[in-house]
Amino acid sequence: MTDARLADLADRLPHLRLLTDPSDLEHYGRDWTRRWTPAPLAIALPAEVAEVQAIVRWANEHGVAVVPSGGRTGLSGGAVAANGELVLSLERMNRVLAFDAVDRTLSVQAGMTLHAVHEAAREHGLVYPVDFAARGSCSIGGNIATNAGGIRVIRYGNTREWIAGLTVVAGNGELLQLNRGLIKNSSGYDLRQLLIGSEGTLGVVVEATLRLTDPPPPSQVMLLALPNMEALMEVFALFRARLSLQAFEFFTDVALSHVLAHGAQRAIEGDHPYYVVTEFDADEAAQDAALAAFELGMERGWISDGVIAQSDAQAAALWRLREGITESLAPHRPYKNDISLRISALPAFLHEIQGLLGREYPHFEVVWFGHIGDGNLHINVLRPADLSDADFIAQCEHVTKLLAETLQRHGGSISAEHGIGLVKRAYLGSTRSEAEIALMRGVRQVFDPNGILNPGKLFS
Ligand code: 2HG
Ligand code: ZN
Numbered sequence: 001m002t003d004a005r006l007a008d009l010a011d012r013l014p015h016l017r018l019l020t021d022p023s024d025l026e027h028y029g030r031d032w033t034r035r036w037t038p039a040p041l042a043i044a045l046p047a048e049v050a051e052v053q054a055i056v057r058w059a060n061e062h063g064v065a066v067v068p069s070g071g072r073t074g075l076s077g078g079a080v081a082a083n084g085e086l087v088l089s090l091e092r093m094n095r096v097l098a099f100d101a102v103d104r105t106l107s108v109q110a111g112m113t114l115h116a117v118h119e120a121a122r123e124h125g126l127v128y129p130v131d132f133a134a135r136g137s138c139s140i141g142g143n144i145a146t147n148a149g150g151i152r153v154i155r156y157g158n159t160r161e162w163i164a165g166l167t168v169v170a171g172n173g174e175l176l177q178l179n180r181g182l183i184k185n186s187s188g189y190d191l192r193q194l195l196i197g198s199e200g201t202l203g204v205v206v207e208a209t210l211r212l213t214d215p216p217p218p219s220q221v222m223l224l225a226l227p228n229m230e231a232l233m234e235v236f237a238l239f240r241a242r243l244s245l246q247a248f249e250f251f252t253d254v255a256l257s258h259v260l261a262h263g264a265q266r267a268i269e270g271d272h273p274y275y276v277v278t279e280f281d282a283d284e285a286a287q288d289a290a291l292a293a294f295e296l297g298m299e300r301g302w303i304s305d306g307v308i309a310q311s312d313a314q315a316a317a318l319w320r321l322r323e324g325i326t327e328s329l330a331p332h333r334p335y336k337n338d339i340s341l342r343i344s345a346l347p348a349f350l351h352e353i354q355g356l357l358g359r360e361y362p363h364f365e366v367v368w369f370g371h372i373g374d375g376n377l378h379i380n381v382l383r384p385a386d387l388s389d390a391d392f393i394a395q396c397e398h399v400t401k402l403l404a405e406t407l408q409r410h411g412g413s414i415s416a417e418h419g420i421g422l423v424k425r426a427y428l429g430s431t432r433s434e435a436e437i438a439l440m441r442g443v444r445q446v447f448d449p450n451g452i453l454n455p456g457k458l459f460s
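Quick note: the sequence shown uses UniProt numbering, first residue 1, plus one each step.
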């Protein structure tokens with residue numbers, strides 16, 4: 001270990017696992033964006049809170065930037081370490097700490113995967129209801145740091161609804177116990193909520209107390225094919241009025257073609273521009289209501305075709321058509337946008353932006369999908385074969401600028417659930433006012449006066 005700063009860290013924490021092998025630096029220095037070349041100083045894998053605190057204090061003393069790191073499944077570059085930072089991976093801190101049946105809470109270390117959290121809740125006959133496709137790799141700490149959303153937000157809300165308490169090492173090295181599992185706590189600023197979605201710029205989440213709930217009633221999964229965008233909004237309104245929705249997700253024929261090419265099974269024949277996977281509570285009355293809604297949608301010309309899953313395996317196959325999209329696009333290294341609008345503003349926005357993209361970027365393959373019931377669209381742009389990486393990124397940045405301007409006019413946000421990270425920091429001002437950004441910077445200064453936590457993320 002030639003670096004004097006690392007030697008000092010190793011002296012202070014003789015049991016700390018520190019990695020400096022090039023393959024480890026590469027592995028822990030990047031997230032799913034794959035756009036930046038990883039170049040961290042080293043990787044620290046603490047096993048306990050005291051080690052995290054000591055690392056943050058050491059970083060303050062030496063002026064070393066620290067990148068808190070979970071499963072690195074982020075899509076905004078929030079966990080990228082490309083500038084000699086110390087990656088602080090919570091991977092080894094992955095245990096359940098306590099379950100409380102009366103409070104219905106599960107206290108966990110931040111490095112547990114979302115999937116492991118689901119399993120732990122299930123063991124007690126309860127559920128932690130936030131869910132999305134990266135569940136097997138993402139960590140609960142990362143979910144908290146980005147206020148992750150996913151496919152059940154329409155029923156359960158975002159991660160922030162489910163966090164009853166947080167243990168955090170602030171950027172100044174203080175250990176904070178925030179909210180301590182209370183349901184009601186009207187005693188001033190809710191610092192727990194401030195930490196949620198702060199993208200590792202205020203503190204390192206080390207432990208969390210999660211609220212659990214009853215498992216949802218038995219459900220049914222339906223795939224619908226739709227003729228146009230207007231129909232999509234009509235069917236959403238119809239289904240939301242008649243059924244108790246657990247999920248309502250959409251994707252286009254272009255998205256479908258990629259998942260099918262990636263090995264998924266076609267479930268509806270023919271060419272249809274839009275598809276919806278929806279899941280809803282399905283007791284007998286609800287099943288009749290679903291059928292009636294489906295028939296009405298067909299009669300009105302909003303639904304062209306549809307299938308209802310007859311088994312768990314079929315339900316999983318239908319879900320795969322939606323959940324497999326990101327993975328099927330990954331080899332193309334798409335440029336991603338993750339935008340948010342009021343649901344009522346979606347049709348006008350979509351018309352405007354699809355027209356604009358068609359006119360200015362007809363050579364781009366644009367893949368639309370997402371959480372239409374939350375007003376959250378994912379827009380992935382694929383690189384045309386004859387365009388260099390640099391030209392592609394430059395053109396995509398221009399697309400994002402157009403999106404940001406259009407979103408601003410429609411009152412939307414440049415990030416719905418993926419965060420700002422490195423990817424969207426130039427566009428923060430389209431969603432947040434100057435006064436808000438100044439306050440955010442001020443808050444950061446209080447928590448992390450030396451700016452050692454995730455510098456360059458969120459703000460440029
Ligand atoms: C999803 O909803 C994820 O599947 C990923 O948020 C979206 O790949 C994307 O753009
Ligand atoms: Zn999403």
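A virtual CB, placed ideally from N, CA and C, is assigned to each residue, including glycine. Since we're looking at a predicted model, the values are computed, not measured.
Can you tell me the Cα-Cα spacing of residue 180 and residue 165, whole angstroms? 5 angstroms
With a threshold of 7 angstroms, establish whether the CB of residue 326 neighbours any heavy atom of ligand 1. It does: the Cβ of residue 326 is within 7 angstroms (strictly closer) of some heavy atom of ligand 1.
What are the boundary residues of the beta strand (DSSP E) that residue 377 is part of? 376–382
Grouping DSSP H, G and I as helix and E and B as strand, with all else coil, what is residue 413? DSSP, reduced to helix, strand and coil, places residue 413 within a strand of the structure shown.
Would you list the one or two residues that DSSP bridges to residue 17? Answer is 45.
For a test of your reading of the model: does the CB of residue 132 fall under 7 angstroms from any non-hydrogen atom of ligand 2? Yes or no. yes
Start and end of the alpha helix (DSSP H) containing residue 163? Element bounds for residue 163: not the alpha helix (DSSP H) but the beta strand (DSSP E), 163–170.
Straight-line Cα distance separating residue 449 from residue 463: What the structure shows of the chain is the stretch from 1 to 460, and residue 463 is not part of that stretch, so it cannot be assessed.
Note down, in chain order, each residue of its chain lying with its Cβ closer than 7 angstroms to the Cβ of residue 168, except the 5 sequence neighbours on either side. 176, 178, 195, 203, 204, 205 and 206
How many whole angstroms separate the CB atoms of residue 318 and residue 226, which I take to be in contact at a CB cut-off of 8 angstroms? So it is not a contact: roughly 15 angstroms between Cβ atoms.
Entirely within the stretch 288–367 and at least 3 residues each: give me those beta strand (DSSP E) ranges in chain order. Those beta strand (DSSP E) runs which fall completely within the stretch 288–367 and span 3+ residues are 305–308 and 335–340.
Spatial neighbours of residue 252 within its chain, please: C-beta separation below 8 angstroms, excluding the five flanking residues on both sides. 273, 274, 275, 367, 368 and 369
Whose C-beta lies closer than 6 angstroms to the C-beta of residue 31 among residues of the same chain, with five residues either side of it excluded? 72, 74, 79 and 80
7 angstroms CB neighbourhood of residue 297 in its chain, flanking five on each side removed: 235, 238 and 303
Local conformation of residue 256 per DSSP, three classes: helix
Run through DSSP, which three-state label would residue 418 get? Secondary structure at residue 418: coil, using DSSP grouped into helix, strand and coil.
Is residue 97 helix, strand or coil when you go by DSSP? Strand at residue 97.
Bridge partners - residue 186, DSSP secondary structure assignment: Answer is none; residue 186 lacks a bridge partner.
What are the boundary residues of the beta strand (DSSP E) that includes residue 116? No beta strand (DSSP E) holds residue 116; the alpha helix (DSSP H) holding it covers 114–123.
Could you tell me the distance, in whole angstroms, from the CA atom of residue 60 to the CA atom of residue 3? About 16 angstroms.
From this set, 29, 452, 459 and 458, which residue's C-alpha is nearest residue 65's C-alpha? 452
Can the beta-carbon of residue 172 be found less than 8 angstroms from the beta-carbon of residue 459? no
N- and C-terminal bounds of the beta strand (DSSP E) containing residue 281: 274–281
May I ask whether a heavy atom of ligand 2 can be found less than 7 angstroms away from the beta carbon of residue 417? yes
Indicate whether the contact test is met: 3 or more Cβ pairs, each with one atom in the stretch 286–294 and one in the stretch 347–362, closer than 8 angstroms. no
Are there any heavy atoms of ligand 1 lying less than 7 angstroms away from the beta-carbon of residue 338, as far as the coordinates show? yes
DSSP bridge partner residues for residue 209 (one or two, in chain order): 107 and 165
Beta-carbon spacing of residue 114, residue 92 below 8 angstroms: No, Cβ-Cβ distance for residue 114 and residue 92 is not below 8 angstroms.
Whole-angstrom C-beta distance between residue 415 and residue 407, which should lie under 8 angstroms: Going by Cβ atoms, the distance from residue 407 to residue 415 rounds to 10 angstroms, so no, they are not a contact pair.
Is the beta carbon of residue 454 sitting closer than 8 angstroms to the one on residue 201? Yes.
Minimum C-alpha distance to residue 85 - residue among 105, 58 and 410: 58
I think residue 385 touches residue 321, with their Cβ atoms under 8 angstroms apart; what is that distance to the nearest whole Å? In fact, because the Cβ distance is near 26 angstroms, the residues do not count as touching under 8 angstroms.
If the criterion is Cβ atoms closer than 8 angstroms, does the pair residue 90 and residue 110 meet it? yes
Output the distance between the C-alpha atoms of residue 112 and residue 17, rounded to the nearest integer angstrom. 18 angstroms
For residue 427 and residue 445, the rounded distance between their alpha carbons: Taking the straight line from one Cα to the other gives about 21 angstroms.
Would you report the Cα separation of residue 403 and residue 157, rounded to the nearest angstrom? 25 angstroms
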